[in-house]
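Residue numbers (the working numbering): -15 to 119.
The block underneath contains the structure these notes are about, expressed in structure tokens.
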């Protein structure tokens, strides 16, 4: 029984090693069979335009500081102005203008894997907010 266990372990290890080798094989390029061209001795002179970088506007998404500024009772427009972008509608109940019309919006976080914030509006006013992983 002990020998069978040893051979099974060796077989599993061999499969793992083969899998790693196969994965690495995809990243290795095959040598080209086409003739190589000689490099030019003089490179053409090109004039590069200086890049003008715009000052970053609001980053898309929300951070903890923006989340903390948002208070219950605010309108969607007020929340949107704090965050700097439109939210994604993830749920809606009823029709606009109806009593108990409810919309839930979501914004992705500026940083962090899976960071997000959700806001629920009832009749146009923020009723509830929640966040995960905002920094």
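Where is the CB? At the ideal position from N, CA and C, for every residue including glycine.
Where does residue i land, buried or exposed, given buried means 16+ other C-beta within 10 angstroms?
i, result
"residue 99", "buried"
"residue -9", "exposed"
"residue 118", "buried"
"residue 105", "buried"
"residue 51", "buried"
With DSSP collapsed to three states, give me the class of residue i.
i, result
"residue 84", "coil"
"residue 77", "strand"
"residue 100", "strand"
"residue 106", "strand"
"residue 119", "coil"
"residue 39", "With a pLDDT of only 42 at residue 39, under the threshold of 50, the placement of this residue in the model should not be trusted, and no figure is reported."
"residue 92", "strand"
"residue 111", "strand"
How would you write the range of the alpha helix (DSSP H) that residue i sits in, first residue to last?
i, result
"residue 61", "60 to 67"
"residue 53", "48 to 53"
Given a cut-off of 7 Å, decide if residue j and residue i are closer than it, judged by their beta-carbon atoms.
i, j, result
"residue 115", "residue 101", "yes"
"residue 65", "residue 110", "no"
"residue 85", "residue 107", "yes"
"residue 89", "residue 77", "no"
"residue 128", "residue 93", "Nothing can be reported for residue 128: it is not among the residues displayed for the chain, which extend from -15 to 119."
"residue 91", "residue 54", "no"
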